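Student: If you scroll down you'll find the structure; I have some questions about it.
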Amino acid sequence: MTVERARKRAEALDSKAHLEIGKLRFGPPHRVFSEIRAYLFRRSEEMDARNNPTQLLKLRQANGIALIALGPTIDKGPSPEHFQFDSGARLSFGLTLRELDRGSQLVSFRYHYHLPESRSPEFFRFDLNEKPHEDPLSEPRCHLHPGLEDVRIPLPLHDPFDVLDRIFFVLEEGL
Amino acid sequence: MRAFNPTAPPGDVIEAGLVCEDLQRFLFRNLAGRADLEPGSQQLLVGGVGSGKTTELLLAERWLREQGHVLPLYIDISAETDLSSVNSGSLLASFGLHLAQRLPADLQAPTPNPDRSERLKKAYNKVREYAYGKEEILSSHLADWDRMMQVSMEAFRHVFTFQPQVVRNIPGKLKPKPPIPALSRDIQEIRAPLDEFLAIAREILEDIVVIFDGLDRLLDPTKFWSVAHQDLRLLREIKVSVVATAPISVLFGTSLGQSVADHFDRVHHLPVIAFDPENGSLRSVLEKRHAHELMSRTEADTICRYSGGVLRDLISLARDAAEEAYISDHHSVTAADVDKVVRQLGVGYLRGLGPEAIKILFDLENSGSFRVDQPANVELLLTRRVLEYSSTDFRAHPALLSVMPRPEAKGA
Amino acid sequence: MPEFSSQPFVDIARRLDVRGGHSWLAVLSPPTDSAVALDALQTELRSFLQVPTRVLSLETLTFEELLEAMQQPSDDVVVLAAGADLAPDTWSSLDLMRSALERTGPTVLWMAPDAVARLTEFAPNIRSFIGPSIYIAGPDGGLMGEAERQHRLKELEQHYGLSSEEIVRRAESKELPPEPHFVEWLILLGRGDLV
């Protein structure tokens with residue numbers, strides 16, 4: 145059981161994930177944007193914290209590729225641009241899609257769920273890289289940061305809504 | 456907020472207990488009582504768009520049903536046929552079909568009667584043919600007699616409880632009926648099958664009352680009369696009481712309207728209700744729907760005032776104001792929310808008004824004068840820019856007045 | 007001349023959502039790209055209300071066809087499209103059949119602004135159903151503005167200590183790491199071609 149074997153297993157796992165991600169198809173970026181916004185509106189209605197998804201969620205499209213973003217690109221602390229949770233946690237995310245046929249394909253995402261003060265770990269971040277890394281053992285293409293920037297655990301959740309579901313219905317519920 | 460749905464089916468609203476039954480001084484009891492006491496009588500209910508006519512008719516239907524000896528049939532004829540085509544005989548055809556659908560269940564209890572069933576079946580087939588024409592029968596859509604019997608028996612438990620349009624409340628059992636087509640019909644052809652139905656019905660019930668809703672959509676009294684005249688004459692002959700809605704132009708406008716009104720035993724006018732902060736009857740409509748949970752009395756009164764007393768506008772303004780508060784993330788309805796929706800309503804009424812119409816409205820506001828014999832003025836009544844509080848009291852819709860461009864003062 | 011309120015399509019959807027069944031409202035189409043806007047409205051309604059959304063043209067359907075289409079099914083969202091040229095007779099016919107058009111799902115009247123006058127004049131019953139709920143199709147409000155784009159670029163430059171020009175150079179040389187931030191960076195620069 146050497147690190148080389150570990151690397152080989154990681155490569156096989158990453159390769160499989162990469163193929164699955166490549167097969168995923170979504171609606172056109174504007175539809176995905178509308179669906180995420182609708183999702184956030186529904187969650188907002190279920191909580192006491194006041195969020196306005198129309199103001200928070202933004203779309204930018206150019207050259208056949210789109211960015212859907214909420215909150216700051218780099219989390220440096222609480223801000224009005226974050227999505228606020230009743231627990232005191234906050235969420236920021238960025239999701240990129242490439243237009244394909246009459247729909248779109250996933251390119252990358254990052255969902256940064258920052259826990260309230262004095263909670264551990266400090267954050268969970270769900271990342272999907274644009275492509276596989278040369279060392280998938282240390283950096284799988286789709287991974288979770290459990291509060292540590294240099295630790296990346298492979299993540300089988302590739303659909304952006306699957307990630308949001310875990311944030312709203314698992315992480316937030318668990319606090 | 457869902458208690459404030461201006462387009463909810465009136466039957467649902469009544470069942471939910473959201474209606475102020477005394478708002479129009481129990482007019483529905485007058486309608487129903489006369490129809491019951493005078494078989495073959497014919498009454499008109501006239502009111503502007505959104506004045507609450509359907510609600511009064513459904514309350515009348517319920518009242519009649521509660522008496523136990525009358526079979527009331529509520530029919531929204533505008534939902535059953537295309538009124539834009541001259542469609543003589545369609546009222547009778549619809550009446551026959553509704554009667555056919557209601558009778559089997561009523562008459563099979565407590566014991567079945569094969570001879571009676573056979574007579575009903577033959578009469579039903581003739582009515583169906585009359586309604587849809589010989590080549591028009593779509594047997595895959597229309598219930599044959601046996602299927603309809605089955606449905607009707609399931610509906611039996613609703614017969615003497617308030618449930619308008621029973622057949623439509625049993626989803627999946629009958630496909631939606633195709634509309635009654637506009638055909639050239641000999642009115643007398645349906646006399647025989649109707650006589651058969653009525654003879655059987657009167658064996659156990661004293662009387663039939665038919666309530667025709669939707670005829671008020673025929674804004675021109677000429678059109679109203681061309682659809683209704685011959686059918687109503689036959690209904691009077693066979694002593695079926697009729698209550699029907701009619702366009703407001705029957706009351707106000709040309710002499711033709713007056714001659715139409717003269718054919719009826721009674722014409723009831725459902726006027727708009729004037730806002731009076733002391734009286735509070737408009738406010739009671741909102742309170743019945745728990746408006747106090749959404750807005751203060753001040754906002755409720757503003758809504759009452761700017762509705763002009765048109766009931767549907769009242770409910771719409773309340774609903775839209777609450778919705779505005781929701782969209783704007785306010786904790787309750789604010790004055791700004793109310794102002795916004797009043798303005799929205801007013802702008803809707805303002806669109807399409809030319810300078811002459813605007814002048815008429817300002818003259819009305821300033822001097823109270825309004826000539827109902829002028830076609831342009833009747834148009835203003837029909838489109839609710841002008842509201843009738845009585846046969847002599849006319850006023851411009853307050854929401855419209857609030858956005859109308861004021862004429863520049865002369866000599867300023 | 008006073009105007010109707012402008013509403014983004016997401017707020018139209020929210021209004022229909024909070025109202026529940028048997029709801030009518032009207033949306034006034036923009037003067038240009040009306041078909042694109044209608045498509046965006048349909049997308050928004052479907053996404054938010056999570057039910058199919060159909061568009062029916064009032065110019066082409068007969069009374070029977072419209073009746074059937076409105077009721078089969080009766081609980082999804084129907085958008086009735088009416089052009090400015092829809093004839094007065096057609097409006098009158100629609101008004102006459104208003105009861106037959108009643109359904110549990112929402113009905114949205116998509117119409118040219120000039121059609122409002124005809125609606126009031128020739129279809130007062132439908133206008134009454136709509137009431138104050140006539141809205142101009144407004145801008146989405148979700149599109150990222152220039153100020154925000156610049157702010158995000160500055161955040162990235164400061165965080166990584168790299169200029170945007172350097173990022174482009176590295177992307178062209180295929181030297182950029184695969185992390186999501188760099189994809190976003192290129193999109194913000196309008197260089198999605200390098201992704």
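Protein chains in written order, with the working numbering: chain A, 145 to 319; chain B, 456 to 867; chain C, 7 to 201. Built from N, CA and C at the ideal position, the CB exists for glycine as well. Keep in mind that this is a model prediction, so the values were computed, not measured.
What is the residue span of the alpha helix (DSSP H) that C/Leu55 lies within?
Tutor: Ser40 to Leu55 is the extent of the alpha helix (DSSP H) around C/Leu55.
Student: Can you confirm whether B/Asp675, when its beta carbon is compared against all beta carbons of chain C, has any partner nearer than 7 Å?
Tutor: B/Asp675 does not count as touching chain C.
Student: Who pairs with B/Glu476 in a beta bridge, going by DSSP?
Tutor: DSSP lists no partner for B/Glu476.
Student: Use the C-beta contact count for C/Phe69: other C-beta atoms within 10 angstroms, 16 or more gives buried, fewer gives exposed.
Tutor: When all chains shown are included, C/Phe69 counts as buried.
Student: Considering only their Cβ atoms, is the gap separating A/Ala182 from C/Ser53 smaller than 7 Å?
Tutor: Going by C-beta atoms, C/Ser53 is nearer than 7 Å to A/Ala182.
Student: Between A/Gly238 and chain C, is there a C-beta pair that is closer than 7 Å?
Tutor: Yes, A/Gly238 lies at the interface with chain C (some Cβ there is under 7 Å from its Cβ).
Student: Taking B/Ala777 as the reference, give the member of C/Glu172, C/Ser139 and C/Pro184 with the closest Cα.
Tutor: Nearest C-alpha to B/Ala777: C/Ser139.
Student: Quick check on B/Val665: does DSSP put it in helix, strand or coil?
Tutor: Here B/Val665 sits in strand by DSSP.
Student: Bridge partners for A/Asn269 per DSSP, in chain order?
Tutor: Inspection of the sequence shows that residue 269 of chain A is occupied by Arg rather than by Asn. A/Arg269 is bridged to A/His256 and A/His289.
Student: With burial defined as no fewer than 16 other Cβ atoms inside 10 Å of the residue's Cβ, what is the status of B/Leu514: buried or exposed?
Tutor: Buried, because 16 or more other Cβ atoms sit within 10 Å of the Cβ of B/Leu514.
Student: Between the C-alpha atoms of B/Asp650 and C/Met76, what's the straight-line distance to the nearest angstrom?
Tutor: Computed Cα separation, rounded: 36 Å.
Student: Counting only Cβ-Cβ distances shorter than 7 Å, please list the residues of the stretch 161–176 of chain C near chain A, keeping chain order.
Tutor: Listed by position, the residues of the stretch 161–176 of chain C near chain A (Cβ gap below 7 Å) are Glu161, Leu162 and His165.
Student: Using a 10 Å radius around the Cβ and a threshold of 16 neighbouring Cβ atoms, would you call B/Phe707 buried or exposed?
Tutor: It counts as buried.
Student: Report the neighbours of C/Glu50 on chain E: residues whose CB is nearer than 9 Å to its CB, in chain order.
Tutor: Absent here is chain E; the protein component of the structure consists of chains A, B and C.
Student: Given this structure, state the Cα-to-Cα distance separating B/Leu808 from C/Ala123, to the nearest angstrom.
Tutor: Near 8 Å, if we compare the C-alpha coordinates of C/Ala123 and B/Leu808.
Student: Whole angstroms are fine: how far does the CA of B/Val841 sit from the CA of B/Gln829?
Tutor: Going from the Cα of B/Gln829 to the Cα of B/Val841 covers about 13 Å.
Student: Using a 10 Å radius around the Cβ and a threshold of 16 neighbouring Cβ atoms, would you call A/Asp306 buried or exposed?
Tutor: Counting Cβ neighbours within 10 Å, A/Asp306 comes out exposed, since fewer than 16 surround it.
Student: Going by DSSP, what residue range makes up the beta strand (DSSP E) through B/Asp491?
Tutor: Per DSSP, B/Asp491 belongs to no beta strand (DSSP E); it is in the alpha helix (DSSP H), Leu482 to Leu492.
Student: Check whether the stretch 726–739 of chain B touches the stretch 833–852 of chain B, taking contact to mean three or more Cβ pairs, one atom from each stretch, closer than 8 Å.
Tutor: The stretch 726–739 of chain B, when compared against the stretch 833–852 of chain B, does touch it at the 8 Å Cβ threshold.
Student: Please go through the same chain and pick out, in chain order, the residues whose beta-carbon is closer than 6 Å to the beta-carbon of A/Ala213, but skip the five residues on each side of it.
Tutor: Cβ within range, chain order: Lys202 and Gly238.
Student: Are the stretch 79–93 of chain C and the stretch 129–148 of chain C touching, with three or more C-beta to C-beta distances below 8 Å?
Tutor: Because the criterion of three Cβ pairs below 8 Å is not met, the stretch 79–93 of chain C and the stretch 129–148 of chain C do not touch.
Student: Does the separation of the CB atoms of A/Pro173 and A/Gln205 fall below 7 Å?
Tutor: Taking 7 Å as the Cβ cut-off, A/Pro173 and A/Gln205 qualify as a contacting pair.
Student: Where does C/Phe15 sit, in a helix, a strand or coil, going by DSSP?
Tutor: Correct three-state label for C/Phe15: helix.
Student: If we count the other Cβ atoms within 10 Å of its Cβ and call it buried at 16 or more, is B/Ile655 buried or exposed?
Tutor: Flag for B/Ile655 reads buried.
Student: C/Ser35 versus chain A: which residues are under 9 Å apart at the beta carbon?
Tutor: What C/Ser35 touches in chain A: nothing, since even the nearest Cβ is about 18 Å away.
Student: In this structure, does DSSP put A/Arg242 in helix, strand or coil?
Tutor: In the structure shown, A/Arg242 sits in a strand (DSSP, three-state: E or B).
Student: Look at B/Thr536 and C/Pro130 and say whether their C-beta atoms are less than 7 Å apart.
Tutor: No. Outside cutoff.
Student: Rounded C-beta distance between B/Ala578 and B/Phe481? I'm assuming under 8 Å.
Tutor: Between B/Phe481 and B/Ala578 the Cβ distance is about 37 Å, and since that is not below 8 Å, they are no contact.
Student: Residues in the same chain with beta-carbon distance under 7 Å from A/Arg149, minus the five sequence neighbours each way, listed in chain order, please.
Tutor: Within the same chain, A/Arg149 has no close Cβ partners at all.
Student: Are B/Ile642 and B/Leu689 touching if we call contact CB-CB under 7 Å?
Tutor: Their beta carbons are under 7 Å apart, which means B/Ile642 touches B/Leu689 by this criterion.
Student: Under a CB-based cut-off of 7 Å, is B/Gln556 close to chain C?
Tutor: It does not; no Cβ of chain C falls within 7 Å.
Student: For the candidate residues A/Ala161, A/Ser282, A/His287 and A/Leu259, whose alpha-carbon lies nearest to that of A/Asp271?
Tutor: Per the Cα distances, A/His287.
Student: Taking the C-alpha atoms as reference points, what is the distance between B/Leu519 and B/Val698?
Tutor: Approximately 12 Å between the Cα atoms of the pair.
Student: Rank A/Ser178, A/Leu299, A/His277 and A/Arg169 by C-alpha distance to the C-alpha of C/Val16 and give the top, closest one.
Tutor: The candidate whose alpha carbon is nearest that of C/Val16 is A/Ser178.
Student: Just the chain C side, please: which residues come within less than 9 Å of B/Leu546 by C-beta, in chain order?
Tutor: Here the premise fails: no neighbours, minimum Cβ distance about 14 Å.
Student: Under 7 Å Cβ-Cβ, which residues of chain C neighbour B/Arg806?
Tutor: Residues of chain C passing the Cβ test: Val122, Ala123 and Thr126.
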